[in-house]
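J.: Each number in this note's numbering corresponds to the 1-based position in the sequence shown with 341 added.
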Amino acid sequence: MAKRIIISGGGTGGHIFPAISIANALKNIDPETEILFVGALGRMEMEKVPAAGYKIIGLDIRGIQRDSIWKNVMFPVKLVNSVRKALQIIKDFKPDAAVGVGGYASGPLLYAASMKKIPYLIQEQNSYAGITNKWLGKGATKICVAFDNMDQFFPANKIIKTGNPIRKDAVNIAGKHMQALELFKLSAFKKTILVTGGSLGARTLNNSIMAGLDKLIAADVQVIWQTGKFYYKGIIEKLGEDYHPDIKIREFLTRMDLAYAAADIIISRAGAGTIAELCMVKKPVILVPSPNVAEDHQTKNALALVQEDAAVFVADRDAPEKLVDRALELLNDRDLQKKVSTNIAKMAMPNADEVIAQELIKIIHNN
342 MAKRIIISGG GTGGHIFPAI SIANALKNID PETEILFVGA LGRMEMEKVP AAGYKIIGLD
402 IRGIQRDSIW KNVMFPVKLV NSVRKALQII KDFKPDAAVG VGGYASGPLL YAASMKKIPY
462 LIQEQNSYAG ITNKWLGKGA TKICVAFDNM DQFFPANKII KTGNPIRKDA VNIAGKHMQA
522 LELFKLSAFK KTILVTGGSL GARTLNNSIM AGLDKLIAAD VQVIWQTGKF YYKGIIEKLG
582 EDYHPDIKIR EFLTRMDLAY AAADIIISRA GAGTIAELCM VKKPVILVPS PNVAEDHQTK
642 NALALVQEDA AVFVADRDAP EKLVDRALEL LNDRDLQKKV STNIAKMAMP NADEVIAQEL
702 IKIIHNN
């Protein structure tokens with residue numbers, strides 16, 4: 342009989358892409374598997390999941406807003422209503438198991454699953470678990486993690502280190518260097534820095550590159566600068582469409598594989614999904630963690646690499662002044678490049694989606 346599985350969560354690409362990867366891996370193992378996604382209304386998953394070919398139901402839920410007490414007045418009501426709706430979804434869909442990948446919808450759905458005695462798996466992407474996952478971890482059958490020392494948050498006997506699922510097409514860079522140079526109209530005789538702040542962009546990274554443009558041009562290096570959709574228009578208005586032939590300004594990178602392939606070094610935020618990709622790409626990387634995320638988990642993710650000499654660290658507050666100088670230093674330090682890229686490669690876990698899918702199937706069989 343076909344297995345029925347609910348995958349819950351989302352909010353950012355870092356949660357959605359792994360969720361879709363797990364769904365695809367389940368379908369590869371058994372095409373008859375029925376999969377239902379549960380997300381948060383108004384969030385990115387409501388668009389991305391149907392585009393990947395899966396059905397999704399939205400809950401009217403959002404997280405605690407740290408910037409305003411008044412915005413949280415309706416939170417308890419929305420939480421209760423979301424749990425109620427999640428119970429109805431479980432009653433209608435009759436899942437054999439559920440998965441939570443993080444994001445607002447994950448909590449109510451997994452809590453409802455625990456009430457209905459549906460076994461569930463948590464996919465904890467970060468090196469520091471959030472409050473909701475720590476609490477839900479007590480009732481989880483398995484907790485799939487990407488970093489060591491996660492037994493400080495979860496029962497050790499439930500933890501399995503799988504890594505984070507990645508977009509395999511994005512990290513498939515072998516033999517694509519020349520194609521990448523052509524796409525971005527880059528010279529093979531100059532060094533290239535890739536700057537990526539994710540699909541929405543990162544204000545600090547953009548401000549830091551803006552502040553250091555003269556230095557980058559003087560150093561005769563090339564930059565693929567992915568600004569993100571929030572910042573692209575403002576940057577183009579300030580600099581113009583064709584600012585400089587060596588500075589390639591892009592709102593979004595549709596061919597992430599070619600951007601990675603072109604780069605000699607990469608400057609990036611430290612989201613868990615991004616780090617999983619960077620480990621596969623095996624290029625020297627400077628991580629500038631976002632301070633604007635729950636429990637400051639990006640800093641903890643970055644430090645997990647830094648302590649293995651697998652990344653260079655620049656704090657967000659220091660970036661406008663120091664980031665471009667640090668990037669140029671790294672570009673000129675072949676020994677440090679080699680050390681960082683060798684160590685980051687050791688942390689790659691390429692088949693996380695398949696391992697998590699197999700764990701889910703084991704849970705169903707053992708239940």
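For every residue, glycine included, the Cβ atom is placed at its ideal position computed from N, Cα and C. All of these numbers come straight from a predicted model, not from anything done at the bench.
1) Looking at K458 and I431, is the spacing between their C-beta atoms short of 7 angstroms?
2) Rounding to the nearest angstrom, what Cα-Cα distance links D433 and R610 in this structure?
3) So for S528, helix, strand or coil by DSSP?
4) From A481, L367, T545, pick the residue whose C-alpha is nearest to that of R658; which is it?
5) Tell me where the beta strand (DSSP E) around S609 begins and ends.
6) CA-CA distance, L367 and E695?
7) Mind checking N633: buried by the 16 CB within 10 Å criterion, or exposed?
8) For the stretch 542-562 and the stretch 653-671, state whether three or more C-beta atom pairs, one from each stretch, are separated by less than 8 angstroms.
9) Distance, Cα to Cα, N505 vs S362?
10) Check each candidate in F378, A686, Q563, H638 and name the one with the smallest Cα separation from L400.
11) With distances taken Cα to Cα, identify the nearest neighbour of A438 among C485, E523, I346.
12) In chain order, what residues of the same chain have a beta carbon less than 8 angstroms from the beta carbon of I675, not counting five sequence neighbours either side?
13) Quick check on the DSSP output: the beta strand (DSSP E) that includes I398 runs from which residue to which?
14) Would you call the CB atoms of I495 and G480 closer than 7 angstroms?
15) Cα separation between V626 and K574?
16) Return the chain-ordered list of same chain residues with a C-beta closer than 6 angstroms to the C-beta of S631, the five sequence neighbours on each side being excluded.
17) For A604, I'd like the list of residues in its chain whose CB is within less than 6 angstroms of its CB, leaving aside the five on either flank, ordered along the chain.
18) How would you label D598, buried or exposed, when you count the other beta carbons within 10 angstroms and need 16 or more for buried?
19) What does the Cβ neighbour count give for S349, buried or exposed, with the cut at 16 atoms within 10 Å?
20) So L672 and V564 are in contact, right, with Cβ under 8 angstroms, and what is the actual spacing, rounded?
21) Just to confirm before moving on: does the CB-CB distance between I380 and A446 stay below 7 angstroms?
22) Just tell me which of L628, Q648, M690, A645 has its CA closest to the CA of A660.
23) State yes or no: is the C-beta of V486 within less than 7 angstroms of the C-beta of I500?
24) For V486, write down the residues that DSSP places opposite it in a beta bridge.
25) According to the neighbour-count rule (16 or more other Cβ atoms, all chains shown, within 10 Å of its Cβ), is S468 buried or exposed?
T.: Taking the coordinates as given:
1) no
2) 40 angstroms
3) coil
4) T545
5) 606-609
6) 8 angstroms
7) exposed
8) yes
9) 10 angstroms
10) F378
11) I346
12) The sequence given here places Arg at residue 675; Ile does not occur at that position. Contacts found: none.
13) 396-400
14) Correcting the residue type first, residue 495 is Phe in the shown sequence and not Ile. Result no, Cβ atoms of F495 and G480 do not sit closer than 7 angstroms.
15) 27 angstroms
16) R610, Q639
17) T533, L535, K624
18) buried
19) buried
20) Not a contact, Cβ separation roughly 11 angstroms.
21) Before going on, a small fix: residue 380 reads as Gly here, not Ile. It is a contact, given that the beta carbons lie within the stated cut-off.
22) L628
23) yes
24) E465, K502
25) buried
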